[in-house]
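Asks: The UniProt record's numbering numbers the first residue of the sequence shown as 1 and each following residue consecutively. The C-beta atom is built at its ideal place from N, Cα and C for all residues, glycine as well.
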Amino acid sequence: MGQQQSIVDDDTPPQVLDERSLAAVADYIKSGQARRIVVMTGAGISTAAGIPDFRSPETGLYSNLARLNLPEPEAVFDLHFFRGNPVPFYVLARELYPGNFHPTVSHVFLSLLASKGLLYQLFTQNIDCLERAAGVPDSLIVEAHGSFATQRCINCRTPYPDDLMRDHVSRAEVPKCRKPRCGGIIKPDIVFFHEGLPEAFFAKRSMAADADLVIVMGTSLTVHPFASLPDEVPDDVPRLLFNLEKVGSLGGRADDVLVLEDCDTGVRKLADALGWREELEAEWRRVVGDEEADRQIQGSKKREAELLAEVERLADRVDDALHLQD
Ligand code: OAD
1 MGQQQSIVDD
11 DTPPQVLDER
21 SLAAVADYIK
31 SGQARRIVVM
41 TGAGISTAAG
51 IPDFRSPETG
61 LYSNLARLNL
71 PEPEAVFDLH
81 FFRGNPVPFY
91 VLARELYPGN
101 FHPTVSHVFL
111 SLLASKGLLY
121 QLFTQNIDCL
131 ERAAGVPDSL
141 IVEAHGSFAT
151 QRCINCRTPY
161 PDDLMRDHVS
171 RAEVPKCRKP
181 RCGGIIKPDI
191 VFFHEGLPEA
201 FFAKRSMAAD
211 ADLVIVMGTS
221 LTVHPFASLP
231 DEVPDDVPRL
241 LFNLEKVGSL
251 GGRADDVLVL
261 EDCDTGVRKL
271 ADALGWREEL
281 EAEWRRVVGD
291 EEADRQIQGS
301 KKREAELLAE
311 VERLADRVDD
321 ALHLQD
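(1) Do Gly44 and the ligand OAD come close, with the Cβ less than 7 Å from some heavy atom?
(2) Could you round the C-beta distance between Val76 and Val174 to whole angstroms and report it? I think they count as a contact, below 8 Å.
(3) Within the same chain, show all residues whose beta-carbon is closer than 7 Å to that of Ser147, passing over the 5 residues directly before and after it, in chain order.
(4) For the region 149-156 and the region 38-54, state whether three or more C-beta atom pairs, one from each stretch, are separated by less than 8 Å.
(5) Are there 16 or more other CB atoms within 10 angstroms of the CB of Glu245, so buried, or fewer, so exposed?
(6) So, using beta-carbon positions, are Leu112 and Arg35 closer together than 8 Å?
(7) Counting only runs that start and end within the region 89-149, where is the beta strand (DSSP E) found for 3 or more residues in a row?
(8) Is Arg67 close to chain C? Criterion is C-beta to C-beta, closer than 8 Å.
(9) Looking at the ligand OAD, does it come within less than 7 Å of Asn64, judged from the CB to the closest heavy atom?
(10) Take Trp276 and list the residues in its own chain whose beta-carbon comes closer than 7 Å to its own, dropping the five residues that flank it on each side.
(11) Give the secondary structure of Leu240 by DSSP, where H, G and I count as helix, E and B as strand, and everything else as coil.
(12) For Glu312, which residues of its own chain have a beta-carbon under 8 Å away from its beta-carbon, when the five flanking residues on both sides are left out?
(13) Can we count Glu312 as close to the ligand OAD, meaning its CB is less than 7 Å from some heavy atom?
(14) Would you mind sorting Ser220 into buried or exposed? The rule is 16 or more other CB atoms within 10 Å of its CB.
(15) Where does Gln298 fall in DSSP's three states?
(16) Tell me, please, which residues DSSP counts as bridged to Gln33.
(17) Do the region 81-101 and the region 200-211 make contact, defined as three or more Cβ pairs closer than 8 Å?
(18) Does the region 233-244 come close enough to the region 10-26 that 3 or more CB-CB pairs lie under 8 Å?
(19) So for Lys269, helix, strand or coil by DSSP?
(20) Can you tell me the Cβ-Cβ gap for Gln121 and Val223, rounded? I've got them flagged as a contact below 8 Å.
(21) State yes or no: is the C-beta of Phe54 within less than 8 Å of the C-beta of Phe192?
(22) For Arg286, which three-state DSSP category applies?
Right, here's the structure in full:
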């Protein structure tokens with residue numbers, strides 16, 4: 001099935017799975033042995049929705065911001081930089097704000113796991129809220145890097161109303177604290193560099209150790225502490241990776257299965273093997289509608305061109321904002 005790989009020696013047999021393959025993972029789930037599935041996601045599960053990821057060489061946000069006059073591309077999400085110049089962030093926020101994009105088949109696969117009572121916990125680094133939009137219950141989601149759902153002043157921490165925030169973001173304007181004599185900049189409760197992760201991440205990270213199956217999807221596993229979560233899973237728990245490339249320690253254990261292709265394709269193969277494919281496609285179309293579903297399944301080449309156009313447009317807007325500040 002596809003490009004399944006492992007870097008474990010072929011002579012090392014799996015300990016739990018019958019073999020290192022997607023079919024064997026499906027059998028493991030069907031046998032009822034995987035009742036606590038922990039999923040860890042990143043930007044790669046949303047690229048098919050049209051949202052650029054961060055680190056893909058051509059279509060990633062950071063490689064496109066690299067040509068701008070920023071100290072480094074990550075500065076847009078850096079608290080120190082934001083204090084001095086929040087405009088580039090708000091230019092991006094207008095484009096990336098929840099509601100502009102729709103879930104992928106991978107997001108809906110997660111809601112299917114939840115509705116079947118198999119999703120123990122989802123840890124996401126994404127701020128696009130597409131897991132929620134797909135129907136994954138809030139209680140099963142840890143938004144490890146925060147989200148756009150709430151916002152507050154970076155000085156006095158006073159919360160700021162949602163409707164005013166939406167208005168400002170839609171105009172790419174920087175909202176300021178309404179408290180008398182404060183006037184600090186308002187920031188969504190997204191985790192920036194130099195900020196701690198939400199309490200929920202630390203309260204729930206031990207659930208990774210209780211999993212009986214772990215699925216890692218669409219993340220480069222470069223930003224800690226999230227990146228070390230898959231390593232907290234015991235050695236005898238199968239780990240399945242859906243990603244374009246090998247990442248972290250995945251592939252180094254006897255029961256690691258790597259599916260190195262786009263995650264929607266991999267997820268569809270898993271759904272086929274589980275006998276859930278029809279249900280998955282029907283639920284996805286119900287959530288996003290036929291037009292969006294057809295848009296997403298058009299050829300991956302066209303999708304890459306669209307992503308490239310989107311990320312170049314975003315970078316140009318940030319560039320304009322930087323020049324306006326000059
Ligand atoms: P990255 O951009 O670092 O990694 C995305 C991964 O997904 C890469 O390994 C890609 O190869 C892969 N990928 C892209 N499209 C894919 C597809 N359709 N199917 C499968 N794989 C695909 O994004 P994250 O790992 O999410 O933090 O980045 C982690 C954090 O870095 C983000 O949360 C953000 C960023 O700085 C903050 O802003 C705090």
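Replies: According to the structure data:
(1) yes
(2) Wrong, their Cβ atoms sit about 13 Å apart, outside the cutoff.
(3) Ile127, Cys129, Asp189 and Ile190
(4) no
(5) exposed
(6) no
(7) 119-124 and 141-143
(8) Checking the listed chains, one finds no chain C in this structure; it contains a single protein chain.
(9) no
(10) Leu112
(11) strand
(12) Asn64
(13) no
(14) buried
(15) coil
(16) Gln33 pairs with nothing; no bridge assigned.
(17) no
(18) yes
(19) helix
(20) Going by Cβ atoms, the distance from Gln121 to Val223 rounds to 19 Å, so no, they are not a contact pair.
(21) no
(22) helix
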